[in-house]
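Counting along the sequence shown from 1, when you hit position 37 you're at 37 in this note's numbering, and nothing is skipped either side.
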Amino acid sequence: MRKKIVAGNWKMNCDLSETKNLLEGLTQSLPNLLSAEVIVAPPFTNLQFAFDNLKNRPIHVCSQNINENDSGAFTGEISVAMLKSVGVNYAIVGHSERREIYNETDELLKKKVNQSLKNNITPLFCVGEKLPAREAEKHFDVVKEQIEKATFHLSADEFKNIVIAYEPVWAIGTGKTASPEQAQEMHLYIRELIAKKYNQTTADEVSILYGGSVKPANAKEIFGQPDVDGGLIGGASLNAEDFVAIIKSF
Ligand code: PEP
Numbered sequence: 001m002r003k004k005i006v007a008g009n010w011k012m013n014c015d016l017s018e019t020k021n022l023l024e025g026l027t028q029s030l031p032n033l034l035s036a037e038v039i040v041a042p043p044f045t046n047l048q049f050a051f052d053n054l055k056n057r058p059i060h061v062c063s064q065n066i067n068e069n070d071s072g073a074f075t076g077e078i079s080v081a082m083l084k085s086v087g088v089n090y091a092i093v094g095h096s097e098r099r100e101i102y103n104e105t106d107e108l109l110k111k112k113v114n115q116s117l118k119n120n121i122t123p124l125f126c127v128g129e130k131l132p133a134r135e136a137e138k139h140f141d142v143v144k145e146q147i148e149k150a151t152f153h154l155s156a157d158e159f160k161n162i163v164i165a166y167e168p169v170w171a172i173g174t175g176k177t178a179s180p181e182q183a184q185e186m187h188l189y190i191r192e193l194i195a196k197k198y199n200q201t202t203a204d205e206v207s208i209l210y211g212g213s214v215k216p217a218n219a220k221e222i223f224g225q226p227d228v229d230g231g232l233i234g235g236a237s238l239n240a241e242d243f244v245a246i247i248k249s250f
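Dropping the structure here:
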């Protein structure tokens, strides 16, 4: 179901005491009435702590990655069942850092999307082009291929249960944001792609988030675009004041 979402990707930041402080800051300043669904993605080790401390708050807990297998000899990996047992109901799948640094391919991400949906965890499926592709005006092609290869095997009903995050790689952690027009143009393109593959109803039900150097100063304008349903926030989600200001930008 399409909704406004603000998700914080903490990446490999925040030990237990820092997690405690950040969550305290967040819950203290978060208004009672929220105009968006709020999600936080702390590191694996702090998911249970986050879930226990957010139980009575309208904040969902998300993992930054999932494994595509049910269980077994996969040393160092975390299964979906383990994540569910500590209250996780969202998972970031295909973040550009996982694609780049850990060589996650479209084929693997397809399995992760499946594993996530099979277990009722909503995937925040990330797509986005690198700078050379943007400069060569190939950004639409890149995003199309990423979406097609990892998600277009789904039925329309299944597709409605995923969230897409458009994150141009050149804007992640660089302080360079896509302009509101660039974000809107890509989000509309993605929605039209979904409509073409499935139908307009399905396309209208999918939340499409923007990610890439969103800050309190630019959130309002980006979130104000008709096809932008919220944001996946990295750096600014590590500061409670900034994250809350971004949430209040709707
Ligand atoms: C991200 O890593 O998903 C992200 C959007 O990071 P930042 O907001 O720091 O650019």
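Think of the CB as a built atom: it goes at the ideal place given N, C-alpha and C, for glycine as much as any other residue.
Between residue 55 and the set 118, 180, 227, 23, the nearest pair of CA atoms involves 23.
Beyond the five residues adjoining it in sequence on each side, residue 27 comes within less than 6 angstroms, by CB distance, of 57 in the same chain, given in chain order.
Membership of residue 68 in any alpha helix (DSSP H) is not indicated, and neither H nor E is assigned to it by DSSP.
When beta bridges are read from the DSSP output, residue 6 appears opposite 38, 231. In the DSSP annotation of this structure, the continuous segment of the beta strand (DSSP E) that includes residue 123 starts and ends at 122-127. By DSSP's assignment, residue 211 forms a beta bridge with 232. Inside the segment 153-198, DSSP marks whole alpha helix (DSSP H) runs of 4 or more residues at positions 156-159, 180-197, from first to last along the chain. With contacts defined by Cβ atoms closer than 8 angstroms, residue 104 and residue 98 form a contacting pair.
In this structure, DSSP gives residue 86 a state outside helix and strand, which the three-state scheme calls coil. Taking non-hydrogen atoms of the ligand PEP into account, the C-beta of residue 128 is found less than 7 angstroms away from none of them.
Beta bridge pairing from DSSP links residue 78 with no other residue. For residue 139, the secondary structure class from DSSP, reduced to helix, strand or coil, is helix. If you look at residue 15, you'll find it isn't in any alpha helix (DSSP H); DSSP assigns it neither H nor E. Among the bridge pairs identified by DSSP, residue 60 is matched with 39. Residue 93 has 125 as its beta-bridge partners, per DSSP.
Excluding five sequence positions before and after residue 46, the CB atoms of its chain that fall closer than 7 angstroms to its own CB belong to 14, 16, 19, given in chain order. Below 8 angstroms, too few C-beta pairs join the segment 233-250 and the segment 192-200 to call them touching: fewer than three. One Cα belongs to residue 59, the other to residue 224, and the distance between them is close to 22 angstroms. Cβ neighbours of residue 181 within its own chain (closer than 6 angstroms, five residues either side excluded): none. At a Cβ-Cβ threshold of 8 angstroms, residue 11 and residue 64 count as neighbours.
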